[in-house]
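Peer 1:
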Amino acid sequence: MLDIKYLRENFAAAEKALATRGDAIDLSGFSVLDQRRRELLSEGETLKAEKNKVSALIGKTKDKSQVQGEIARMKEVSAQIKGLDEQLREVEEQLSELLMGVPNIPHEKTPVGASEDDNVEIRTWGEKGSFGFKPKAHWDIGEDLGILDFERGGKLSGARFCVYFGAGARLERALINFMLDLHTGEHGYTETLPPFLVNRASMTGTGQLPKFENDLFHTEDVDLFLIPTAEVPVTNIHRDEILAEKDLPLCYTAYTPCFRKEAGSHGRDTRGLIRQHQFNKVELVKFVRPEDSDVELEKLLSNAEKVLQLLKLPYRVVDLCTGDIGFSAARTFDIEVWLPGQECFREISSCSTFGDFQARRASIRFRREGAKKPELVHTLNGSGLAVGRTLLAILENYQQEDGSVLVPEVLKPYMGELEKIKG
RNA sequence: GGAGGAGUGGCCGAGUGGCUUAAGGCGGCGGUCUUGAAAACCGUUGAACGCAAGUUCCGUGGGUUCAAAUCCUACCUCCUCCGCCA
């Protein structure tokens with residue numbers, strides 16, 4: 001959510017900045033609602049002050065017959081207050097609906113652009129391997145080795161589900177443990193294991209609701225949602241809290257499965273592990289002081305890159321433009337891994353800063369040493385990494401001509417020292 | 001799922017319609033004393049909105065009343081017991 005005061009005082013600038021996102025954002029109702037709200041508030045509060053004063057007087061008067069006139073008048077005033085409060089509630093609801101639907105203002109460093117074609121590649125790492133044969137796509141490698149079974153995934157659940165077997169299942173588990181150990185052991189993150197189902201308030205806090213309910217799986221008998229990313233439960237850990245400055249930055253990592261409807265992507269990436277309704281991810285989440293958020297984003301990004309470097313998987317980093325960043329994000333770097341089987345780079349991590357956008361929605365604040373007033377924190381998060389996509393990148397990059405797949409050096413301890421996955 | 005009980009400030013906890021501007025304690029912060037510390041003593045200590053006066057917040061939403069932490073109501077959460085269960 002944007003700062004209502006900022007919007008009031010910098011309306012034109014905000015509108016202009018939001019326009020760089022591309023899609024039309026209607027802020028036209030804001031000024032009228034904002035002004036109406038303040039009028040109702042002031043009118044109601046004047047009456048409440050009067051009511052409080054006279055009620056106290058009535059309370060002090062022993063002989064109530066002397067104050068019958070006041071009592072009758074206050075009855076009238078109470079009714080007026082009730083009416084004003086009702087109007088205020090309606091105006092605030094409309095205002096909140098408007099504000100909750102407005103995306104974040106892009107960071108000043110976010111490149112301006114209309115679509116993903118305007119994203120800026122900022123670096124590449126590693127050598128694309130040269131194969132003496134035509135590299136296969138991971139769905140063929142996985143099925144040939146008997147470690148991925150998309151057909152049975154379909155039988156059990158439907159399209160975009162998969163069953164892992166044997167060394168494939170173990171490789172997924174190895175990657176989760178490897179990533180968590182790296183981030184907790186080397187990068188200073190605290191491991192958390194949050195709920196995979198969350199309530200409406202949590203989804204609203206991070207920005208999935210109210211706008212993107214269609215993308216979420218929802219439970220029928222109780223009003224809960226399956227998390228689309230660990231960002232949601234982990235960021236909401238500190239919802240409605242005031243943190244101590246000395247505890248910042250707070251850095252958490254979490255493994256969770258993620259559930260996405262992928263509404264609107266019918267026909268895209270239908271084969272393989274790229275776009276599943278359920279996938280595993282190790283997430284990194286930070287709560288930081290505003291002045292530290294740019295530096296912390298760089299660190300977060302390098303923490304995610306480290307995973308690919310240790311796995312020796314080639315990748316590039318892309319600075320997303322204003323037209324391509326997500327609803328809540330102010331700035332986003334995507335890490336894209338090289339997939340030789342498909343001869344393209346595919347997103348494997350998305351590292352974002354949200355500024356105070358999520359913190360305001362979720363009311364996550366901190367108090368500076370010695371300060372009286374709390375301030376909003378900045379929140380950041382990034383994948384470190386998407387596990388299914390990492391597994392498929394390993395299959396494609398480590399495949400051998402005979403159809404086997406070498407196990408990356410750093411994963412061997414997690415794979416019982418297995419050297420190679422064979423059919 | 002059934003039967004009871006309970007939700008008050010950072011924490012504990014008093015408060016059963018107006019004298020609550022939420023007692024008291026703990027913790028935090030500042031001070032006195034001290035070479036320094038501890039102890040003791042004194043003071044101070046929530047948030048939101050509003051230019052301000054002021055208003056609101058005692059789990060959440062409704063209601064009763066001139067007046068609600070307090071009464072009614074629905075919901076949520078936690079605790080105890082029973083049942084079921086990994």
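Numbered by my numbering, the letters in the first sequence go through residues 1 to 423 in order.
Note that beta-carbon positions come from the ideal geometry of N, C-alpha and C, so glycine has one too.
Remember, it's a predicted structure, so these values are computed and weren't measured experimentally.
(1) Within its chain, find whatever has a CB closer than 7 Å to the CB of D240; leave out the 5 residues flanking it on each side and keep chain order.
(2) Any idea what DSSP makes of Q342, helix, strand or coil?
(3) Put H183 into one of helix, strand or coil per three-state DSSP.
(4) In angstroms, rounded to a whole number, what distance separates the CA positions of S130 and V337?
(5) What is the residue span of the alpha helix (DSSP H) that L84 lies within?
(6) Pairs of beta-carbons, one from the stretch 156 to 168 and one from the stretch 134 to 148, closer than 8 Å: are there three or more?
(7) Could you give the C-beta distance for A359 and V377, rounded to a whole number, given that I count them as a contact under 8 Å?
(8) Given a threshold of 16 other Cβ atoms within 10 Å of its Cβ, counted over all protein chains shown, does A254 qualify as buried or as exposed?
(9) Between the stretch 175 to 188 and the stretch 298 to 306, are three or more C-beta pairs nearer than 8 Å?
(10) With respect to the beta strand (DSSP E) encompassing H378, which residues constitute its N-terminal and C-terminal limits?
(11) For Q257, does the three-state DSSP call read helix, strand or coil?
(12) Does the distance from the CB of P210 to the CB of G101 come in under 8 Å?
(13) Rounded to the nearest angstrom, what separates V67 and A79 at their Cα positions?
(14) Could you check whether I274 and A304 sit closer than 8 Å to each other, using their CB atoms as the reference points?
(15) Could you tell me how far apart the beta carbons of A329 and F354 are, in whole angstroms, since I believe they sit closer than 8 Å?
(16) How would you label F366, buried or exposed, when you count the other beta carbons within 10 angstroms and need 16 or more for buried?
(17) Within a Cβ cutoff of 7 Å, which residues of the same chain sit near L41, ignoring the five residues on either side of it in sequence?
(18) Using only alpha-carbon positions, find the residue among L385, L243, K5 and L418 that is nearest to F181.
(19) Just curious, the beta strand (DSSP E) that A244 is in, first and last residue?
(20) So which of K155, L411, I71 and L47 has the shortest CA-CA distance to I81?
(21) Do G113 and N119 have their beta-carbon atoms positioned less than 8 Å apart in this structure?
Peer 2: The answer reads as follows:
(1) Taking the first sequence and counting its residues from 1, one reaches residue 240 at position 240. S363.
(2) As a first step, residue 342 is located in the first sequence; it is residue number 342 there, counting from the start. The answer is coil: DSSP assigns Q342 none of H, G, I, E or B.
(3) The count along the first sequence starts at 1 and reaches residue 183 at position 183. Of the three classes helix, strand and coil, the one that applies to H183 here is helix, per DSSP.
(4) Counted from its first residue, the first sequence places residue 130 at position 130. Counted from its first residue, the first sequence places residue 337 at position 337. Going from the Cα of S130 to the Cα of V337 covers about 16 Å.
(5) Translated into positions along the first sequence, residue 84 becomes position 84. Here the alpha helix (DSSP H) through L84 covers Q68 to M100.
(6) yes
(7) Along the first sequence, one-based indexing puts residue 359 at 359. Along the first sequence, one-based indexing puts residue 377 at 377. That pair is a contact at about 5 Å.
(8) Within the first sequence, residue 254 is the residue found at index 254, counting from 1. Answer is buried; the Cβ neighbour count reaches 16.
(9) yes
(10) The count along the first sequence starts at 1 and reaches residue 378 at position 378. Start and end: H378 to A386.
(11) Residue numbering aside, residue 257 sits at position 257 when the first sequence is read from its first letter. As written in the sequence, residue 257 is Pro, which differs from the Gln given in the question. Here P257 sits in strand by DSSP.
(12) Against the first sequence, residue 210 aligns to sequence position 210. Against the first sequence, residue 101 aligns to sequence position 101. Yes. Within cutoff.
(13) Locating residue 67 in the first sequence gives position 67, counting from the first residue. Locating residue 79 in the first sequence gives position 79, counting from the first residue. Roughly 19 Å separates the two Cα atoms.
(14) Here the question's residue 304 lines up with position 304 in the first sequence. Here the question's residue 274 lines up with position 274 in the first sequence. Taking 8 Å as the Cβ cut-off, A304 and I274 do not qualify as a contacting pair.
(15) In the first sequence, residue 329 corresponds to position 329, counting from 1. In the first sequence, residue 354 corresponds to position 354, counting from 1. Yes, they are in contact, since the Cβ atoms of A329 and F354 sit about 6 Å apart, within 8 Å.
(16) Locating residue 366 in the first sequence gives position 366, counting from the first residue. Result: buried.
(17) Here the question's residue 41 lines up with position 41 in the first sequence. Here L41 has L88 as same chain residues with Cβ atoms under 7 Å from its own Cβ, once five neighbours each way along the sequence are excluded.
(18) Counting from 1 along the first sequence, the entry for residue 181 is found at position 181. For the record, residue 181 in the displayed sequence is Asp; it is not Phe. That would be L385, whose Cα lies nearest to the Cα of D181.
(19) Position 244 of the first sequence, counted from the start, is the residue given in the question as residue 244. Here the beta strand (DSSP E) through A244 covers E241 to A244.
(20) Counted from its first residue, the first sequence places residue 81 at position 81. Out of K155, L411, I71 and L47, L47 has the C-alpha closest to the C-alpha of I81.
(21) Here residue 119 is taken as the residue at index 119 of the first sequence, counted from 1. Here residue 113 is taken as the residue at index 113 of the first sequence, counted from 1. Result yes, Cβ atoms of N119 and G113 sit closer than 8 Å.
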